[in-house]
Every structure is written in C-alpha cells, then in structure tokens.
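> The structure is given below, and queries will be raised subsequently.
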Amino acid sequence: MGYRNTSAAAVLIAVMTMSSCAAPPGQEDRSSAASQPAQWSTYTTADRRLAFEYPGDWSVSAVEPLANDPDGGVSVRVRDGAGRIIAALDTGLIVGQECSPPAEPTQYTEYEARPMPDLTASGGTQQRFVYHSVDPAEGPSKATYAVVSGAEETGQCGLFDFFRLTESSGGRFMGEFVSGQPPESPEFLEEAAAYPQTEEYRDVLRMLTSLRNAD
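Quick note on numbering: the sequence shown equals residues -22 to -1, 1 to 193 in mature numbering (1 follows the signal peptide of the UniProt record, and there is no 0).
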C-alpha cells in the first residue's frame, strides 16, 4: 500500500459543540440483520439521519450530544470488546478552523483514502475516509482515521477530522490510532504505518466507510 508525504506546519484551532442524529432513540437497528454478515450489525442514529455497520463483538451507545447547532445533533461512541473507544460519531457541530503560520515544518502522511458516495451533504460536498498522521517538529505525533469533506489535506492546519452534513453544521466520525510507543518516538509512526495490515484497521475501515444517510 503506498502513501503520500508532504511538509507543512500545523496549528489547529477548532471551536465545536454539537448533537447528533439517530433512529430509534439510541437503539441498535437490527432489522436488516438478515441481509448483513452474521458477525456485523447496523446502528441507526436516534434522529434516523445516519446509519453505519459495526462488528458484532463491538458495542455502540448514545451519549450526551455535543451539538451546538440549534437544529440539534447526536453523539455516539463505539467500543471494542474490551471497552476501549474505537470511534466517536458526533453531529450538529458548528466548527471554526483557523491557521497561524508554522514556526517549524510538520510532516503530513496520508496512508489511505476512500471516497464515500453513499454519504451526501445538503451543501453538495464530497465525503471521504482518510487515515493520516502529522509529525510536528516539536511535540507528539498523531495519527487518526476519519470521515472528512473536501479536497486532500496537506497538514497545514493539522488533522481537521470533520465532514459537512447540513447547510448549517457538520459532524465527525473518527478515532485515534493508539500505540504502545511514545508519540514522540520514530517507532510510533512506524506502527501507525503498519496499522492498515491489522484486522482491527480493516474493521475500522469497513465501519467508517459504511456511514450513510439513513433516509
């Protein structure tokens, strides 16, 4: 699997708050279980706006919405069998992004990207899945997998892991790569680069790219 490196600098200032979407309030929708592989289930948000698939040995639960859009939103957490949070889905987020000139260059690496045509936004933006990392000259490295909107990133503003959903707000469906190595060490990025070879990553990829409009 090839990936791309670029140099930039990253300072991210994001202001957010929000709520999310759903189907039977905070309930798992297993009505389509017959059409899904036995080990996977489907979750529909309480507002019935979004749905996604997840492994049967993982769990999905609704939490207090973070939404700051007056129209509301939902917040959901996905945990693996050990109870570790694998991904967070939040909608109804009004987010601001601002960049300041970087003092030192930051290396940006995009390991994988996939288009997501089944997730449409009222504003017409194109959504995609991305697994990427930043390695600043000072401070810890970071790697995340997320659903994002717009063109390819350069790392200039860090990892801005949000997607557009409605005319007034967006959301995020993302998680952070966790390593046993210190984020400041070269080994951290080596493990991040190898993560796509794992079964967990393949499950994460399938889950995030399955996010779609439920209507």
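Don't be surprised by glycine CBs; every beta carbon is placed ideally from N, CA and C.
Note that the structure is predicted; figures quoted are calculated from it, not measured.
Using the Cα positions of residue 102 and residue 88, report the straight-line distance between them to the nearest angstrom.
If you take the alpha carbons of residue 102 and residue 88, they lie about 24 Å apart.
> Short of 7 Å in beta carbon distance, which residues of its chain neighbour residue 188, apart from the five on each side in sequence? Order them along the chain.
Counting only Cβ-Cβ distances below 7 Å, and skipping sequence neighbours, we find 30 and 31.
> State the Cα-Cα distance for the pair residue 120 and residue 24, rounded to the nearest angstrom.
When rounded, the distance between both Cα atoms is 31 Å.
> If you check the beta carbons only, do residue 86 and residue 109 fall under 7 Å apart?
Taking 7 Å as the Cβ cut-off, residue 86 and residue 109 do not qualify as a contacting pair.
> Does residue 88 come out as helix, strand or coil in the three-state DSSP assignment?
Residue 88 falls in the strand class under three-state DSSP.
> Could you check where the beta strand (DSSP E) with residue 28 kicks off and where it finishes?
Run containing residue 28: 28 to 33, per the beta strand (DSSP E) assignment.
> Let's see if you can read the secondary structure: which residues bound the beta strand (DSSP E) around residue 24?
From DSSP, residue 24 is part of no beta strand (DSSP E); its letter is neither H nor E.
> From 173, 190, 46 and 96, pick the residue whose C-alpha is nearest to that of residue 155; which is it?
Nearest of 173, 190, 46 and 96 to residue 155, Cα basis: 173.
> Is the Cβ-Cβ distance between residue 52 and residue 69 less than 7 Å?
Going by C-beta atoms, residue 52 is nearer than 7 Å to residue 69.
> DSSP has residue 149 in a bridge; who is on the other side?
DSSP, once it has assigned bridges, lists 69 and 141 as partnering residue 149.
> Out of 149, 169, 151 and 150, state which residue places its alpha-carbon closest to the alpha-carbon of residue 158.
Closest option to residue 158, Cα to Cα, is 169.
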